[in-house]
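Numbering-wise (this note's numbering), the sequence shown opens with residue 1397 and increments by one. For glycine and all other residues, C-beta sits at the position ideal for the given N, C-alpha and C. Small disclaimer: the values here were computed from a predicted structure and weren't measured.
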Amino acid sequence: MDAATRPRVHPRPPGPESDVDESTLIDLRRIGRILRRRALIIAIILVCAAVIAVIAYMMVQRRYVATAQVALERTAEKVIAEDQVTPTVDPDSAAVDTEVQALQSPALIGQVVDTLRLDRNPDFNGHLALPAAANAKPDPLARARAIGNVFGNLTIKRDGMSYAISISFEATSPTLAAQVVNTLARTYVSGQVNTKSGATKRASQFLEGRLQEMRGQVLTAEKAVADFRAANNLFAVSNQSSTSQSTSQEALSNLSTQLAQAQAESAAAQARLSTARAQLARGKSGDELGESLDSPVISALRGQRAEIGRDVASLEKRYGPLHPDLQRAQRAMANTDAQIAAEVSRIVANTSIQANIASQRAASLQGSINRAEGKLAADNNATVRLNELERNADSARTLYRSFLDRYRQTIAQAGLEQSDSYIVAAARVPASPSSPNLLIFGAAGLVGGIGLATLVVLLLQLLERGVETGDAIERKLGLPALASIPDAATLPEYKKKGLPAPPIDLVVQRPQSLLAEAFRSLRTSISFALPHQKHRIIAIASSIPGEGKTTTAICLARSAAAAGVKTLLIDCDPRRRATSRQFGGNVKVGLNELLRGSASLDQVLVQDQATGAWLLPQRVDADDLTLTESGRFATLLAELRERFDLILLDTAPLLAIDEARVVASMADGVVFLLRWRKTAAKAAEIALDRLADVDANVIGVALTQVNVVEQARAGFGDAGYYYKDVESYHTA
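See the structure below:
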């Protein structure tokens, strides 16, 4: 039968029901027990790890970290209120992150390498056995390695959400660490100024070159305008493009006005002339002509003639035709008529002349108008081209003026460039190394030691085959734990001075000792395992040799006998006969002779004088004994049962001699021994299976050679765990 089917003599009372699967829980007590048990190994490993950590700490090269801090400029000074060639932009989060990347650029680090000549430093170029000479040629590979070394030991990060950037460098030399950080910060800040200075210089050179070109373009454009004006007689009093055209239009307008006036005057003159001629043709008098010609002279002469006519009429009434006054008056009137006729002739002639002059003036003005209209048309055509030339000239002048202004601004900015960042704090030479860190090495050693100790303990636990507690016996073998028999040499009272007597004698000489108490406990467990049998035959069995089976059998026999139980111990090991050697003395006849009938029971029995226990030994030099082939041994046991209360059979190891399980099956019960932490559980299972095959009644398991100190320290789940609490009840 296997562990699952083996009966438990003392089953645990059922506990309260729980929904928790205890198999899934971590057994902290078991872990604690393992740690206490392996405390020495763990301590050794931790000490070794600590020593290794200290040695590593002492051997690791000291490294120093220097840190500088730069910040982006948020408010730059403006000496002149002009836009810079490279404008200063208010920094934001993205700008700060960008500058962090810029500080890690290979080009910037390369400048630091070149400035400090790190490519010639063996610390930055592992291929240099000695520092390079000052006049040695630059090695591109050495420079690249130095840049990589600097980059690998450089740490640049933004300080929180501020505009500050921390630059840290780690090196074996504290001075060199500070030099690298400060050089990088200065190179970064000055590089921004140089970038702006270079941009200003390049802009000035570019603007200067362009100004030379545009100056020629302006001169060419203005000369083209002047030449075109001269060629087309387009001279204006102002710079407006439409002046010439406006002048021509004004002249044409004036000529048109004059022409209209001249034509009106000519028409009026022709009308007067035609009227006068028509009146003369009809024989009109000078009086009518005077009115039509509107001449003041004629009007005056007509008034004079009217007076003379009144005088003539008056004289005619008073005098006769021959009256001298009448004749003088008539002559005066005739003379006046002649003057009027002469004046009419003169006026008509003058009117004709004026009509001709007006006609000629109108014709002249018409010609002038025709010429002005032609000139205006030509000027209009020329003005289109002139406007184009003037626009080109104006554009060239405007562009030239803009470039000239920008050139003057750029020249004014030269020397006023400012960096977009500044050094907040320069790096100081570190006084103490940043690494190795003793705390880190200590923590690493501790963690490493704990990890290694865990692995070692885990490996030892996996490799361990033995059983150490009663709980483990019941869990693995399915049998009750009867007792834990200590190893007398591990008892604290015997550790320093040694054992005063062999264990088989200690149970008698030290009846209050823990060893004696263990055998009394075993005897009690046997009694309660077989409560209805007054005479008991108990086989002491084990799976392999060396489990303390003989010592246990002798001590149990002496303990029982000392308690008044009539006890017999039979040596049933036909090979070793250890009981007979240790307890029997010089045996002349023994079990061999008893079974063959050559000796009686009283002749072979040996009594222990100290306790009264009896021993049925074997003769040490006897031949091998077979106990089970004949029924004599079974018959002997039946006879002995009537004579003794307790019969103990010291059997051979079950895995060594097959006859041992048959002998065990003859007993009322079998006490199976396991050496504490030594006997493999698998070996015990095989031995128990063999006992089950012959229907042997295994009443329980006893642990032997238990180290009480270790058990008290790491044996939770066993009574020995509480040894310290009950130690005062036991004496040495």
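Reducing DSSP to helix, strand and coil, say where residue i ends up.
i: residue 1713; result: helix
i: residue 1618; result: helix
i: residue 1553; result: strand
i: residue 2053; result: coil
i: residue 1565; result: strand
i: residue 1508; result: helix
i: residue 2102; result: strand
i: residue 1397; result: Low confidence applies to residue 1397: its pLDDT is 45, below 50, so where it sits in the model is not reliable, and the reading given next is rough at best. Of the three classes helix, strand and coil, the one that applies to residue 1397 here is coil, per DSSP.
i: residue 1499; result: coil
i: residue 1882; result: strand
i: residue 1963; result: strand
i: residue 2088; result: helix
i: residue 1897; result: coil
i: residue 1560; result: strand
i: residue 1707; result: helix
i: residue 1520; result: coil
i: residue 1977; result: helix
i: residue 1588; result: helix
i: residue 2062; result: coil
i: residue 1943; result: coil
Per the DSSP calculation, residue i is bridged to which residue(s)?
i: residue 1968; result: 2047
i: residue 2068; result: 1937, 2097
i: residue 1831; result: 1459
i: residue 2002; result: 2011
i: residue 1818; result: 1467
i: residue 1932; result: 2042
i: residue 1877; result: 2097
Between residue i and residue j, what straight-line distance do the alpha-carbon atoms span, to the nearest angstrom?
i: residue 1961; j: residue 1852; result: 49 Å
i: residue 2085; j: residue 1934; result: 18 Å
i: residue 2107; j: residue 1921; result: 20 Å
i: residue 1976; j: residue 1987; result: 10 Å
i: residue 1649; j: residue 1777; result: 19 Å
i: residue 1859; j: residue 1433; result: 15 Å
i: residue 1735; j: residue 1765; result: 44 Å
i: residue 1447; j: residue 1850; result: 18 Å
i: residue 1726; j: residue 1708; result: 6 Å
i: residue 1762; j: residue 1754; result: 12 Å
i: residue 1846; j: residue 1438; result: 8 Å
i: residue 1936; j: residue 2047; result: 6 Å
i: residue 1819; j: residue 1552; result: 14 Å
i: residue 1905; j: residue 1835; result: 57 Å
i: residue 1559; j: residue 1817; result: 10 Å
i: residue 1656; j: residue 1759; result: 11 Å
i: residue 2018; j: residue 1443; result: 56 Å
i: residue 1909; j: residue 1903; result: 8 Å
i: residue 1521; j: residue 1569; result: 15 Å
i: residue 1696; j: residue 1732; result: 10 Å
i: residue 1706; j: residue 1660; result: 41 Å
i: residue 1913; j: residue 1907; result: 7 Å
i: residue 1460; j: residue 1431; result: 41 Å
i: residue 1491; j: residue 1599; result: 25 Å
i: residue 1990; j: residue 2037; result: 16 Å
i: residue 1821; j: residue 1466; result: 7 Å
i: residue 1712; j: residue 1740; result: 28 Å
i: residue 1890; j: residue 1942; result: 22 Å
i: residue 1876; j: residue 2080; result: 14 Å
i: residue 1926; j: residue 2065; result: 8 Å
Rounded to the nearest angstrom, how far is the Cβ of residue i from that of residue j, given a contact under 8 Å?
i: residue 1832; j: residue 1456; result: 4 Å
i: residue 1792; j: residue 1613; result: 5 Å
i: residue 1730; j: residue 1662; result: Not a contact, Cβ separation roughly 37 Å.
i: residue 1940; j: residue 2049; result: 5 Å
i: residue 1785; j: residue 1624; result: 6 Å
i: residue 1665; j: residue 1747; result: 6 Å
i: residue 1881; j: residue 2023; result: Not confirmed; about 26 Å, so no contact.
i: residue 1873; j: residue 2097; result: 6 Å
i: residue 1782; j: residue 1621; result: 7 Å
With hydrogens ignored, establish whether the beta-carbon of residue i is closer than 7 Å to any heavy atom of the ligand FMN.
i: residue 1496; result: As far as ligands go, the structure on display features none, and thus does not contain the ligand FMN.
Segment contact, 8 Å Cβ cut-off, at least three pairs: the segment 2031-2044 with the segment 1999-2007: no
Three or more C-beta pairs below 8 Å linking the segment 1947-1957 and the segment 1890-1902: yes
Inter-stretch contact at 8 Å, needing at least 3 Cβ pairs: the segment 2056-2067 / the segment 1817-1825: no
Touching by the beta-carbon criterion (3+ pairs, under 8 Å), the segment 1500-1518 and the segment 1535-1554: yes
Segment contact flag, the segment 2060-2075 with the segment 1862-1878, C-beta cutoff 8 Å, min 3 pairs: yes
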